[in-house]
Amino acid sequence: MSTTPHLDKPLFSAEEIRTRVHVLADAIARDYGADEILAVSILKGSFVFTADLIRALAAHQVHPLVDFMTLSSYGSSSMSSGKVLLHQELSLPVKGHRVLLIDDILDTGLTLQTACQLLIQKGAREVRTCVLLDKPSRRVVPITADYTGFQVENVFVVGYGLDYNNRYRHLPGLATLKFEVAPGAT
Ligand code: XMP
């Protein structure tokens, strides 16, 4: 069956996101105090969120080390494959660090759970999690984020770094994507 995705409804504006990112940074800065943070950003979807979050943290005199890992559970579609693949490893040592794991969206929970396990295996002293979006209704593993931007319904979200087939990442706000069956499709 062929479907044509198109932008549906705006969810959160750039201004709403900016305000929320600063609230998250405030909470993180208070919780960590003077302790050094190793921020680990899960690519690709969280690159915009991470860039804004670390600069919001800098406004609180918090300057994390930053590293990236690439994990995927979605392939190129809007359906989770249920299998999480590691495509790119971290470049910094993790042992003994307090890690703040950053992801764009907590959906089934498999990606965040896998990433947490990897970081613990590598000797992280602690792993806390920070997600821009949370879709609690989709969870298949019991995991909650320590810091959450917004909760959303079971909708497919794009913009602010989140994509569909690598498109829409440039949008300054977040919007839902609608999948419509093309006329005449079977
Ligand atoms: P899991 O299911 O492992 O999924 O928690 C987390 C990853 O799935 C992607 N994802 C989305 N990407 N809009 C997106 O652009 C969405 O609505 C969406 N839901 C899940 C995302 O890469 C996330 O890191």
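Take 6 as the starting number for the sequence shown in our numbering and just add one per residue. Where a beta carbon is used, it is the ideal one built from N, C-alpha and C, also for glycine.
* Taking Cβ positions only, does Pro147 come closer than 8 Å to chain B? -> Any reference to chain B falls outside this structure, which holds one protein chain only.
* Asked: Per the contact definition of three or more C-beta pairs closer than 8 Å, is the region 90-105 in contact with the region 113-129?
  -> yes
* Asked: Does the ligand XMP have a heavy atom nearer than 7 Å to the CB of Asp151?
  -> On the sequence shown, residue 151 is found 146 positions in, with the first residue counted as 1. Checking every heavy atom of the ligand XMP against the Cβ of Asp151, none is found closer than 7 Å.
* Just checking my contact of Ile16 with Leu115 at CB under 8 Å: how many whole Å lie between their CB atoms? -> Counting from 1 along the sequence shown, the entry for residue 16 is found at position 11. Counting from 1 along the sequence shown, the entry for residue 115 is found at position 110. Per the sequence shown, residue 16 should be read as Leu rather than Ile. Not confirmed; about 23 Å, so no contact.
* Measure from the alpha carbon of Val136 to the alpha carbon of each residue in Gly38, Arg35, Val45 and His11, then state which is nearest. => By one-based count along the sequence shown, residue 136 stands at place 131. Of Gly38, Arg35, Val45 and His11, the residue nearest in Cα terms is Val45.
* **DSSP-derived helix/strand/coil call for Gln126** => The residue labelled residue 126 in the question sits at position 121 within the sequence shown. It is helical.
* Three-state secondary structure (DSSP) at Arg172? -> Translated into the one-based positions of the sequence shown, residue 172 becomes position 167. Three-state DSSP puts Arg172 in a strand.
* Segment limits, beta strand (DSSP E) that includes Thr153 -> Against the sequence shown, residue 153 aligns to sequence position 148. Where Thr153 is concerned, the enclosing beta strand (DSSP E) stretches over Tyr152 to Gln156.
* Quick one: Cα of Arg143 to Cα of Leu70, how far? -> Indexing the sequence shown from 1 puts residue 143 at position 138. Indexing the sequence shown from 1 puts residue 70 at position 65. Arg143 and Leu70: Cα-Cα distance of roughly 31 Å.
* How would you write the range of the alpha helix (DSSP H) that Leu62 sits in, first residue to last? -> Here the question's residue 62 lines up with position 57 in the sequence shown. Phe52 to Ala63 is the extent of the alpha helix (DSSP H) around Leu62.
* Asked: Should the region 37-44 be regarded as contacting the region 10-26, the criterion being three or more beta carbon pairs within less than 8 Å?
  -> no
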